[in-house]
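*Asks:* Have a look at the structure that comes next, please.
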Amino acid sequence: MLINETKERTWHGPVKLADSFFKRFRGLMLVRHVNHALVFILPAETKANASIHMFFMLSDIDVIWLDSTRRVVDFKTARKWRLYAPRKPAKYIIEGPVGIIKALDVEEGDLISWSPSEEKERAVPVKVSLPDGFSFDKGTNGMAFTESVGEVKAENP
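Set out below in structure tokens:
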């Protein structure tokens, strides 16, 4: 969720962070339907670091540049295959679907905050060794694994 604290306006869409080199490098390139906002956390507050390109973008996006205090220093709808730089140095960049600027009623000087959406990590199978004497065999250690509730009822008359 993105929040314009100055005007008490909120955009309730998903928000992701681009807080590493690779996430910033990838950005929203080659994303067919941008349905989330991406907050870039830049290593330094400069105009050069905050410059963006729209090469390999499949759609236009709204872009909001913020300084280190999270105040808006520039904003615009960025068109495909163009370069953009903010008018003033920026520490954060918010990129998202066209309409975010209007939804938040963004103006220069507004204070913007965000709450990243919860991202679920992919499950990775891990082999775990069991302590000696522990078994998943039926009837040992007071544990039993069943395939269905019917199997449990059949075993316990």
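The letter at position 93 of the sequence shown is residue 246 when you use the numbering used here, and the numbering goes up by one with no holes.
Think of the CB as a built atom: it goes at the ideal place given N, C-alpha and C, for glycine as much as any other residue.
1. In angstroms with no decimal places, state the Cα-to-Cα distance between Gly180 and Lys229.
2. Taking the alpha helix (DSSP H) that Phe175 belongs to, which residues open and close that run?
3. Please report the distance separating the alpha-carbon of Val226 from that of Phe193.
4. Taking just the CA atoms, how far does Ser212 sit from His186?
5. What's the gap between the Cα of Val216 and the Cα of Thr222?
6. Grouping DSSP H, G and I as helix and E and B as strand, with all else coil, what is Lys255?
7. The beta strand (DSSP E) that contains Ser267, what's its start and end?
8. Confirm, please, whether the CB-CB distance from Gly262 to Glu189 is below 8 Å.
9. Considering only the beta carbon of each residue, do Tyr237 and Ala243 sit closer than 8 Å?
10. Quick check on Pro269: buried or exposed, where buried means 16 or more other Cβ atoms within 10 Å of its Cβ?
11. Spatial neighbours of Ser301 within its chain, please: C-beta separation below 8 Å, excluding the five flanking residues on both sides.
12. Have a look at Ile214 and Thr159 and give me their C-alpha separation to the nearest angstrom.
13. Going by beta carbon distance, what residues of the same chain come within less than 7 Å of Val359, once the five residues before and after it are set aside?
14. Would you kindly work out how many angstroms separate the C-alpha atoms of Arg235 and Ile205, rounded to a whole number?
15. Provide the residue span of the beta strand (DSSP E) that contains Lys208, from first to last.
16. Considering Cα atoms alone, identify which of Phe178, Val184, Met182 and Leu170 is closest to Asn202.
17. For Glu198 and Asp220, which I take to be in contact (beta-carbon distance under 8 Å), what is that distance rounded to the nearest angstrom?
*Replies:* In this structure, then:
1. 17 Å
2. Phe174 to Arg179
3. 15 Å
4. So the alpha carbons of these two residues sit roughly 7 Å apart.
5. The alpha-carbon atoms of Val216 and Thr222 are separated by roughly 17 Å.
6. helix
7. Reading off the sequence shown, one finds Trp at residue 267, where the question assumed Ser. Ile265 to Trp267 is the extent of the beta strand (DSSP E) around Trp267.
8. Position check: residue 189 holds His in this sequence, whereas Glu was assumed. No, Cβ-Cβ distance for His189 and Gly262 is not below 8 Å.
9. Cβ atoms of Tyr237 and Ala243: not closer than 8 Å.
10. Within 10 angstroms of the beta-carbon of Pro269 lie fewer than 16 other beta-carbons, which makes it exposed.
11. With a pLDDT of only 49 at Ser301, under the threshold of 50, the placement of this residue in the model should not be trusted, and no figure is reported.
12. 23 Å
13. One cannot answer for residue 359 here, as it falls past the ends of the chain, which runs 154 to 310.
14. 9 Å
15. The sequence given here has Phe at residue 208, not Lys. Run containing Phe208: none; DSSP gives neither H nor E here.
16. Phe178
17. 6 Å
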